[in-house]
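What follows is a single structure, written as structure tokens, with notes after it.
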Amino acid sequence: MPAILRWIRADLRSHRLHALLIVLATGGTAAALLLAGTLLGAAADPWQRQFRAAGSPDIRIDLRPSATARGSADEPSAAVLAGEPGVLAVSPPQHTAETTLVGRRADGATNAGPPGRTTLVLRGDNPDAARPLLRSGTWLDPDDIHGIVLEQSAADAAWAHPGDHLTVLDAHGGPVDLRVLGIADSPDQLPSQAAGYDLGWAPPATLDLVQPEWAAQGLTLGLRLAHPSDARYTAQRVVSVLGAERVSRITTWLDARAARQQDNRLAGLLLGLSGLAALIAAALAVAGAAGGRIRSRTGDIALLKALGFTAGQVAWMFIAEQLLLAGTGVLLGAGGAAIAVHTVPALGGGTDALHGLVPGGTAITGAVVAAALLAVGAAAALPALRAARVVPVPPTDGTRPPVMTARPVRLGPLRRLPPAVVFGLGSVLRRRSDLVGSALRLTVPVVAATLALSTWSTLDAVTRPDGGATVPSVTARRTTPDQTPGDRQLAGALAADVAVQGVFPGTEVQALAPGQSATLTLRAVGTTDAPYPYTLVEGRAIRATDEAVAGQGALDLLGARVGQWVRLTTGSTPRILHIVGRNLEPEHGGRVLSTGFDTLDRPGDPTHPDFWQLTLRPGQDPAEVQRDLPARAGLAGQAEIRLPTGPVTRPGALRASVVGLLLLLALIGLVDLLTTATAGFHERRRDLGLLRAIGLTPGQSAVVLAVRGTAIALITVAVGSAVAIPLVRRLIDRQGELSGIGAGIARAPSTWTVLAMAAICATAAAALCALPVLRIPPPTRTPDGADR
């Protein structure tokens, strides 16, 4: 054992840079795996962090109004539920009142404008109950009975902001003016479109103002469970205990999470695949580094076996060396991940992220450490077995004897190139087995990097209004109800702006699918004569009334294909539409049927646009248009502009994840390039002496190995890109279909990005291969005149 430890220490001293890079690569991979839950949780799925921060219940129960009085209606239901098996606690009951939202008035305006009639459920504030997360504005003032706080999706649907006034109807149909004090996010609440109603919070006195009859007010309470995974079973028990006639709505944390996660699976899948490829690349890098050191130390290994080391001892010696490096890297990576989470809360959402956000906490950390060590040990096993088979007789000059004679190769026109380039290309073509091994090892990080870069390009396409997945556009809407200026005057003022290419009237209505069991959005934008330029990936554009284009989610919901006719119900009006195309629809999970505004010609259909969709000229920044257009068009205070929403909630954090993966892959690629350069140098050291003897300068000798390294790097990037780009297109399009957006959103890295990656790899390979040659001292002459 002491001899083995001394040999390991001597080997690490002679390969310090390799050892350092392996420690860094392993540590980076371990840190990436440990941060996967927190980083992707904060970036692609913020719901879990918000749910924990808000103290939301595992089950939310809304009860219908009871015929009993207020004081006696609260306690029985809570007491009964508290005694149910698995229920840890019941939140304090909160009374609710259901009303109708009929108008919105912007802060400072004199009259209320649309958003049309929607159901608004007001929830009475209780200081002892969990409160939602306030996003903007202020919380409720108990003394202000006209102040409310709106849920985020409800505020988005109503285009409401803090300071705006809402008009609702009381129990007798009279108007009640309410003022929006703030916007909040309730993680246990379904979005308003999925729930079928808007939600707001108000002081108990406001509920009495809207619904004076206590017996007509509902009740809501929440349950905390000992085992949250049993939420669905417990919800069924609640309905059976309280009675189906008493329960109005019941929502579990599983329902709320599913409603919030639909738009984040695409980014999560791509980043997960990139991380898995990084782990495989790290294992191959460790195997390549170990194999390179074994080839360069063949003479020392043969001497060890000649001194009495068994084949098993030699193999375990190399495996132990790699595990020592990997263990150091994993410990550093775990410590770095913990420090990063504590230092940068955005990575995990709090100081307890590793133990709170990631299910299992310490168990997951231990599993990641064990998996990393196992992967490195398995990767080092094959080179270690090769070391165990070394013959116990050292070569005479201490170097590895050639395994095979280099095959002859016809260089043809290449002979006209400079001699150094000819020798470099000839060495690559003659030793094709080395070329294949090095190229395969380097291809994995290139494939992973291409996946990560494709993730970035696809994020740009689906999150930016000018990203390419949809037509660059913004939405304009009135802030006043008096129709002044008129629809034509307002559209003309918007169309006259230099940034606007087209103005299309529009509205949205909710439609029931056949069977009356699911809803989707019927969006009417543009007209038959001037159709909206949807981004179509299948079929054709709208040419007549009763024609529509559908998102993938709508096609899946209806069980239809392009070219078929479908039946819908809007309000009480049945409709039959002809689906003539499929467009990329990033909103509402793709559950949108888009038609022309002139299709809505039935009784009860909207007669005036609710909004105008503005397409922008090339090169226009949608954010600047949103800020400056109302003032430029003379519509300040009369219209407001909104940017379209995308399918990814936090693209900035996801881009930070992509950058981290690219840095990790660059480090792993550097280990592979250094291994390739070192192996090439040791195997061709005798050839370098021959090149010096025939007249090549040290610089030309360095060019020989630099050409070899550059050729391997360029071949690797070409093969990796050719493999990764079709693969990533298939993966993204498939996930786009599952998420409702539809196939066709895949964006591969640009040609310039691939060329830049090839140039970086080639430059790094050339430098790493040439530097060892330049450090060889010039030959000296012995007294007898011979070189040595």
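Under full-length UniProt numbering, residues 1 to 788 are what the sequence shown spells out, in order. All C-beta atoms in this analysis are idealised placements derived from N, C-alpha and C, irrespective of residue type, glycine included.
Cβ neighbour criterion (16 or more within 10 Å) applied to residue i
i	result
residue 572	exposed
residue 151	buried
residue 752	exposed
residue 735	buried
residue 694	exposed
residue 307	exposed
residue 574	exposed
residue 438	buried
residue 9	exposed
residue 243	exposed
residue 227	exposed
residue 189	buried
Residue i versus residue j: straight-line alpha-carbon distance, rounded
i	j	result
residue 598	residue 528	7 Å
residue 71	residue 215	Because residue 71 carries a pLDDT of 48, less than 50, the predicted location of this residue cannot be relied on, and the following value inherits that uncertainty. So the two alpha carbons sit approximately 11 Å from each other.
residue 93	residue 195	20 Å
residue 672	residue 453	20 Å
residue 723	residue 697	39 Å
residue 615	residue 531	12 Å
residue 80	residue 230	18 Å
residue 521	residue 720	42 Å
residue 299	residue 690	22 Å
residue 564	residue 288	56 Å
residue 155	residue 335	42 Å
residue 143	residue 561	56 Å
residue 544	residue 507	18 Å
residue 715	residue 280	20 Å
residue 447	residue 628	43 Å
residue 737	residue 552	6 Å
residue 705	residue 285	21 Å
residue 760	residue 707	14 Å
residue 314	residue 325	17 Å
residue 492	residue 173	37 Å
residue 699	residue 623	54 Å
residue 604	residue 554	23 Å
Beta-carbon proximity check, residue i vs residue j, cutoff 9 Å
i	j	result
residue 487	residue 578	no
residue 185	residue 135	yes
residue 509	residue 583	no
residue 60	residue 249	yes
residue 474	residue 643	yes
residue 592	residue 523	yes
residue 158	residue 118	yes
residue 53	residue 133	yes
residue 329	residue 27	yes
residue 526	residue 613	yes
residue 175	residue 239	no
residue 630	residue 620	no
residue 802	residue 166	This structure cannot settle anything about residue 802, because the visible part of the chain is limited to 1 through 788.
residue 770	residue 442	no
residue 732	residue 535	no
residue 183	residue 137	yes
residue 741	residue 320	no
8 Å contact criterion, which residue i and residue j should meet: CB distance rounded
i	j	result
residue 84	residue 121	Between residue 121 and residue 84 the Cβ distance is about 25 Å, and since that is not below 8 Å, they are no contact.
residue 237	residue 58	With 8 Å as the limit, residue 237 and residue 58 do not qualify as a contact, their Cβ atoms being about 13 Å apart.
residue 145	residue 203	6 Å
residue 88	residue 77	Residue 88 to residue 77, Cβ: 17 Å. No contact.
residue 729	residue 746	4 Å
residue 187	residue 14	About 56 Å; that fails the 8 Å criterion.
residue 232	residue 206	Contact flag wrong, Cβ pair sits at about 34 Å.
residue 677	residue 558	Between residue 558 and residue 677 the Cβ distance is about 59 Å, and since that is not below 8 Å, they are no contact.
residue 323	residue 373	6 Å
residue 444	residue 711	The Cβ separation is near 19 Å, so there is no contact.
DSSP beta-bridge partners of residue i
i	result
residue 763	DSSP, once it has assigned bridges, lists no residue as partnering residue 763.
residue 706	Bridge partners of residue 706: none, in fact.
residue 583	536
residue 198	120
residue 526	531
residue 565	578
residue 321	According to DSSP, which records beta bridges pairwise, residue 321 is partnered with nothing at all.
residue 175	169
residue 612	476 and 505
Residue i Cβ short of 8 Å to the ligand MG heavy atom set
i	result
residue 302	This structure lacks the ligand MG, and indeed carries no ligand of any kind.
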